[in-house]
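Residue numbers (our numbering), protein chains in the order written: chain G, 63 to 334; chain U, 63 to 334; chain C, 63 to 334; chain A, 63 to 334.
Protein chains: 4
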Amino acid sequence: MSESFKTVRKNHQPHDHVVSIGASGVKIGGGHFGIIAGPCAVESSQQIVELAKAVKAAGANILRGGVFKPRTSPYDFQGLQAAGLELLKTAKQLTGMPIITELTATNWLPLFTEVDVIQIGARNSQNYELLKAVGKTQIPVLLKRGLAGTIKELLMSAEYLLAGGNENVILCERGIRTYETTYTRNTLDLSAIPVLKKLTHLPIVVDPSHGTGRADLVAPMALAATAAGADGLMIEVHNNPAKALSDKEQCLTPAEFQTLMQQVMKIREALS
Amino acid sequence: MSESFKTVRKNHQPHDHVVSIGASGVKIGGGHFGIIAGPCAVESSQQIVELAKAVKAAGANILRGGVFKPRTSPYDFQGLQAAGLELLKTAKQLTGMPIITELTATNWLPLFTEVDVIQIGARNSQNYELLKAVGKTQIPVLLKRGLAGTIKELLMSAEYLLAGGNENVILCERGIRTYETTYTRNTLDLSAIPVLKKLTHLPIVVDPSHGTGRADLVAPMALAATAAGADGLMIEVHNNPAKALSDKEQCLTPAEFQTLMQQVMKIREALS
Amino acid sequence: MSESFKTVRKNHQPHDHVVSIGASGVKIGGGHFGIIAGPCAVESSQQIVELAKAVKAAGANILRGGVFKPRTSPYDFQGLQAAGLELLKTAKQLTGMPIITELTATNWLPLFTEVDVIQIGARNSQNYELLKAVGKTQIPVLLKRGLAGTIKELLMSAEYLLAGGNENVILCERGIRTYETTYTRNTLDLSAIPVLKKLTHLPIVVDPSHGTGRADLVAPMALAATAAGADGLMIEVHNNPAKALSDKEQCLTPAEFQTLMQQVMKIREALS
Amino acid sequence: MSESFKTVRKNHQPHDHVVSIGASGVKIGGGHFGIIAGPCAVESSQQIVELAKAVKAAGANILRGGVFKPRTSPYDFQGLQAAGLELLKTAKQLTGMPIITELTATNWLPLFTEVDVIQIGARNSQNYELLKAVGKTQIPVLLKRGLAGTIKELLMSAEYLLAGGNENVILCERGIRTYETTYTRNTLDLSAIPVLKKLTHLPIVVDPSHGTGRADLVAPMALAATAAGADGLMIEVHNNPAKALSDKEQCLTPAEFQTLMQQVMKIREALS
Numbered sequence: 063m064s065e066s067f068k069t070v071r072k073n074h075q076p077h078d079h080v081v082s083i084g085a086s087g088v089k090i091g092g093g094h095f096g097i098i099a100g101p102c103a104v105e106s107s108q109q110i111v112e113l114a115k116a117v118k119a120a121g122a123n124i125l126r127g128g129v130f131k132p133r134t135s136p137y138d139f140q141g142l143q144a145a146g147l148e149l150l151k152t153a154k155q156l157t158g159m160p161i162i163t164e165l166t167a168t169n170w171l172p173l174f175t176e177v178d179v180i181q182i183g184a185r186n187s188q189n190y191e192l193l194k195a196v197g198k199t200q201i202p203v204l205l206k207r208g209l210a211g212t213i214k215e216l217l218m219s220a221e222y223l224l225a226g227g228n229e230n231v232i233l234c235e236r237g238i239r240t241y242e243t244t245y246t247r248n249t250l251d252l253s254a255i256p257v258l259k260k261l262t263h264l265p266i267v268v269d270p271s272h273g274t275g276r277a278d279l280v281a282p283m284a285l286a287a288t289a290a291g292a293d294g295l296m297i298e299v300h301n302n303p304a305k306a307l308s309d310k311e312q313c314l315t316p317a318e319f320q321t322l323m324q325q326v327m328k329i330r331e332a333l334s
Numbered sequence: 063m064s065e066s067f068k069t070v071r072k073n074h075q076p077h078d079h080v081v082s083i084g085a086s087g088v089k090i091g092g093g094h095f096g097i098i099a100g101p102c103a104v105e106s107s108q109q110i111v112e113l114a115k116a117v118k119a120a121g122a123n124i125l126r127g128g129v130f131k132p133r134t135s136p137y138d139f140q141g142l143q144a145a146g147l148e149l150l151k152t153a154k155q156l157t158g159m160p161i162i163t164e165l166t167a168t169n170w171l172p173l174f175t176e177v178d179v180i181q182i183g184a185r186n187s188q189n190y191e192l193l194k195a196v197g198k199t200q201i202p203v204l205l206k207r208g209l210a211g212t213i214k215e216l217l218m219s220a221e222y223l224l225a226g227g228n229e230n231v232i233l234c235e236r237g238i239r240t241y242e243t244t245y246t247r248n249t250l251d252l253s254a255i256p257v258l259k260k261l262t263h264l265p266i267v268v269d270p271s272h273g274t275g276r277a278d279l280v281a282p283m284a285l286a287a288t289a290a291g292a293d294g295l296m297i298e299v300h301n302n303p304a305k306a307l308s309d310k311e312q313c314l315t316p317a318e319f320q321t322l323m324q325q326v327m328k329i330r331e332a333l334s
Numbered sequence: 063m064s065e066s067f068k069t070v071r072k073n074h075q076p077h078d079h080v081v082s083i084g085a086s087g088v089k090i091g092g093g094h095f096g097i098i099a100g101p102c103a104v105e106s107s108q109q110i111v112e113l114a115k116a117v118k119a120a121g122a123n124i125l126r127g128g129v130f131k132p133r134t135s136p137y138d139f140q141g142l143q144a145a146g147l148e149l150l151k152t153a154k155q156l157t158g159m160p161i162i163t164e165l166t167a168t169n170w171l172p173l174f175t176e177v178d179v180i181q182i183g184a185r186n187s188q189n190y191e192l193l194k195a196v197g198k199t200q201i202p203v204l205l206k207r208g209l210a211g212t213i214k215e216l217l218m219s220a221e222y223l224l225a226g227g228n229e230n231v232i233l234c235e236r237g238i239r240t241y242e243t244t245y246t247r248n249t250l251d252l253s254a255i256p257v258l259k260k261l262t263h264l265p266i267v268v269d270p271s272h273g274t275g276r277a278d279l280v281a282p283m284a285l286a287a288t289a290a291g292a293d294g295l296m297i298e299v300h301n302n303p304a305k306a307l308s309d310k311e312q313c314l315t316p317a318e319f320q321t322l323m324q325q326v327m328k329i330r331e332a333l334s
Numbered sequence: 063m064s065e066s067f068k069t070v071r072k073n074h075q076p077h078d079h080v081v082s083i084g085a086s087g088v089k090i091g092g093g094h095f096g097i098i099a100g101p102c103a104v105e106s107s108q109q110i111v112e113l114a115k116a117v118k119a120a121g122a123n124i125l126r127g128g129v130f131k132p133r134t135s136p137y138d139f140q141g142l143q144a145a146g147l148e149l150l151k152t153a154k155q156l157t158g159m160p161i162i163t164e165l166t167a168t169n170w171l172p173l174f175t176e177v178d179v180i181q182i183g184a185r186n187s188q189n190y191e192l193l194k195a196v197g198k199t200q201i202p203v204l205l206k207r208g209l210a211g212t213i214k215e216l217l218m219s220a221e222y223l224l225a226g227g228n229e230n231v232i233l234c235e236r237g238i239r240t241y242e243t244t245y246t247r248n249t250l251d252l253s254a255i256p257v258l259k260k261l262t263h264l265p266i267v268v269d270p271s272h273g274t275g276r277a278d279l280v281a282p283m284a285l286a287a288t289a290a291g292a293d294g295l296m297i298e299v300h301n302n303p304a305k306a307l308s309d310k311e312q313c314l315t316p317a318e319f320q321t322l323m324q325q326v327m328k329i330r331e332a333l334s
């Protein structure tokens, strides 16, 4: 299948690809480190604005917040949808942070014009019709590895985006499904970082929040990902984890996030 | 999460659910055995019509044929799409067999009015927006288990369909991803059959073609699935496997399919 | 690695290998079907003798009973050991049934002279020093697939036995470890049966008791294994499952076992 | 099962356990970092002595070298066995480094009196008779996680050692078996480090050589393990990887190892 790695392959361009995030000046790849932080779901104007300010102050350069939420159960909170997107845009305006949020269906793409990075989630990692639609835009895309996605499949899904004309692709390792389900929700496969660095020029970001499913594992895994050479991190932060409408077990408080950012910077300095 | 099994759970209705397939009189579930057969992809008028006649003669009661093909590589054959759907309808008219084909995006749903069963493939097993759209129709749905889908997740995806108002759901075990990748493409989890029989009133069909990825394993696994209590089988048949445009390693010839059907019937008689 | 399949490979001998079990006249392989049944652990003289008579009456031709028990916790019942072996021999004398029990260390091998089949358990599937020791005897061996054992590894472990001079090897599929852990203890990989039939002349037996870990799944999986072409079954039976000292969740009562045996025979007749 | 975590559990003693390695003064745990390095297999006197000097110069404090080699194929090199052990002891005398080597059968235990750390390999992780025998000694043990071992099972195997009276146990994460087999031999589960740190007082070491199976992934994964809080590393080093008698794909040269050690120290300083 490696002959199918046409545009994603390492030698397609002579240097690591740098993805520029909208008009913000933020970059990911080629030495630029992206720190994406925010709540799992946008819940209210106050919540998202407060969190945006807090994560920005701690060192984050991209704000995350889910508004279209793919949930395993139809009876779980499905996100604030279009209204949530407006709140996210407000937070962007007030803080100047570029925003990332997940797209789960092509029909919502017209709403995403002011979104700086489109997230393709793990469940839609092989939703090729969605990838084709996003591949026709020039909006940067953060593409998550599927829950049982191989490295090959992740790259082939990226190939759908690049083949469509959108080269602004950031890959994201977020944990894979293994037999170990008692102590971690997923198994974060950090070896994917150096493996992908050999295969592709695209930047790779790690999500230790979904990758472990446990708040107390986020910091050590974020540090490990940084040491392994990741181009960025994606971390869930909530001002009141116990009351989060989703993923409450895995989000950090702003204070925990700030402490972590300081350690991440130390690792980056040590290895530079 | 079992508290979320509202409409799919065993006791939601007092008997096994029987799914009636269009105007054809074919039923699946509650003692009715569905035999879905045909090529991985519709390739030409002659191919699909010939195969329809052959599989019908051998005992199949539903014709399968992919027209919108989700392929790992963007450079692989993506199916004949709308034109292929017309060929499939022609085969339906000529043979009287109800037809099943995969839907990969909501925007093609209007084309599916004459399709008797909509297939939701493994890659879209947690594409909830697609499930919501199909849940608003009354067209029977064959819902495949995701490649790393748990039994819970399969049932929760079915719950999306039933919660939307569409109760005509057939579950499909099609192999899961495990560490054994040298001799089989996937690991067919036949224990899912009796597990699901305990949990839900919905019928369950097994796809040994995708479940093993090897033509020589299709017959023994089809017999095993029948012995384990499946409500039906889904089998890829091609008149010239070596020249099939996709999945050539796993399709049976019409003659092999006919022999298998005779053995399947013997198993069913032995256990009745 | 296939070049290492020297003595286990299909064409090493022109016909399927038939393993003769001691002086009993019982055979497994080449059309001979072995039905191994009995308790997980030998608990008392009365228990093992009663069960031996019950499973023999129902159609079993080999009696199983663990005496050296490999348990995950050091604080769990470790088996009656040498004393249990004496009880198992008594049951053999009273019923005429050949016996199988697990060997977990080479130093107990001298005690196994009257044992008809030595079982190598899943945890010791790659305990090569144990395999080398057993390979020097002529006692038939039932070799279980490791919990994460590939088909290749199972055959290479068998190769250790044959290379040592012991050709009386029966392979045993007993479920592999996958991400599905909520509804089944392991995932029984029945496709291993036809895969192994292509690769080796050795007989293959299936253990649906350990393969599923649930008594209600044993019968459908035993029937499925039979339909898929297994050369035998290994099933846990206990006269009082609720009080069994180990594996109480997965053992059948003698009555359930008898009903199952009748169905197994019907499947075998249907396919003969 | 957590109630069975009697002696391995975090609160069994009030502080992290420090394992002292023989008379060498080397310690692992409680802030002491162990660097175990050397060849996969001891091949000759010259090889092991040269490598011992090289890895010591680069910062290693324990010398590894396999002499009893568990190999998947009976036809592969099985190690120099007792003669190899003598060579390893020579290297110990010449360099003053404590030595670690794998024990695969209880009958070789009398040969291990001058061995400083006994390694229990992944394949013998649940060989309870071997664990019981080693548990009766006071020799420090490095216990590797099984290829499909859960965190629970690793701790229960350690419990066998501690219950026997040997508290000098070092746990070792060395990669687990997952569906990703194309680009890595195993999936190194670094989240096991913080998970185990919460559950037990025992030190945990990481083996990125076996954990990835690829030399080019060893350095990034060693750095990641250090950042995640490991108490040590175990790394294969060979003076001529291309000619190594086993595991040639995954061993570093002494020069690569030296560069890595410098980076590891920078990470440790950054986080101290």
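We put the beta carbon where it would ideally sit given N, CA and C, even for glycine.
Out of the options, which has the shortest C-alpha to C-alpha gap to residue i?
{"i": "G/Ile-297", "options": "G/Val-111, G/Gly-128 and G/Leu-209", "result": "G/Gly-128"}
{"i": "U/Ser-271", "options": "U/Gly-96, U/Val-88 and U/Pro-101", "result": "U/Pro-101"}
{"i": "U/Lys-68", "options": "U/Gly-226, U/Thr-163 and U/Lys-310", "result": "U/Gly-226"}
{"i": "C/Leu-279", "options": "C/Phe-319, C/Ser-308 and C/Leu-150", "result": "C/Phe-319"}
{"i": "U/Ala-144", "options": "U/Met-159, U/Ile-161, U/Ser-135 and U/Trp-170", "result": "U/Trp-170"}
{"i": "U/Ile-255", "options": "C/Asp-269, C/Arg-276 and C/Met-283", "result": "C/Met-283"}
{"i": "C/Asp-60", "options": "C/His-77, C/Arg-236 and C/Ile-232", "result": "Not covered by the structure: residue 60 of chain C. The range shown for chain C is 63 to 334."}
{"i": "A/Leu-223", "options": "A/Gly-208, A/Ala-195 and A/Thr-212", "result": "A/Ala-195"}
{"i": "C/Val-88", "options": "C/Gly-291, C/Ile-162 and C/Pro-303", "result": "C/Ile-162"}
{"i": "U/Leu-165", "options": "U/Asp-138, U/Gly-146 and U/His-79", "result": "U/Gly-146"}
{"i": "C/Thr-274", "options": "C/Gly-91, C/Thr-240, C/Thr-168 and C/Asp-178", "result": "C/Thr-240"}
Report yes if the C-beta of residue i is less than 7 Å from at least one heavy atom of the ligand FMN; otherwise report no.
{"i": "G/Ala-281", "result": "Summarising the ligand content, the structure contains no ligands, and the ligand FMN is consequently not present."}
Taking 8 Å as the CB-CB cut-off, is residue i touching chain D?
{"i": "A/Thr-274", "result": "Absent from the structure: chain D. Protein chains present are G, U, C and A."}
Would residue i be called buried (16 or more neighbouring beta carbons within 10 Å of its own) or exposed?
{"i": "G/Asn-189", "result": "buried"}
{"i": "C/Met-63", "result": "Note that C/Met-63 scores 44 on pLDDT, short of 50, meaning its location in the model is unreliable; the coordinates nonetheless yield the value given after this. Answer is exposed; the Cβ neighbour count stays below 16."}
{"i": "U/Thr-244", "result": "exposed"}
{"i": "A/Ser-106", "result": "exposed"}
{"i": "U/Lys-260", "result": "exposed"}
{"i": "C/His-300", "result": "buried"}
{"i": "C/Thr-288", "result": "buried"}
Does the region 213-231 of chain A come close enough to the region 239-249 of chain A that 3 or more CB-CB pairs lie under 8 Å?
-> no
Complete runs of the alpha helix (DSSP H) confined to the region 243-289 of chain C [at least 4 residues] | 254-261, 270-274 and 277-289
How about the region 86-102 of chain G and the region 265-279 of chain G: do they share at least three Cβ pairs that are nearer than 8 Å?
-> yes
Entirely enclosed beta strand (DSSP E) segments - the region 137-165 of chain C, minimum 3 residues = 161-164
Please list the segments of the alpha helix (DSSP H) lying wholly inside the region 73-142 of chain G, counting only runs of 4 or more residues, in order along the chain.
-> 107-120
Are there three or more Cβ pairs, one per stretch, closer than 8 Å when the region 302-314 of chain A is compared with the region 131-143 of chain A?
-> yes
What are the uninterrupted segments assigned as beta strand (DSSP E) that are 3 or more residues long and contained completely in the region 197-221 of chain A, given in chain order?
-> 203-206
For the region 204-214 of chain A and the region 110-122 of chain C, state whether three or more C-beta atom pairs, one from each stretch, are separated by less than 8 Å.
-> no
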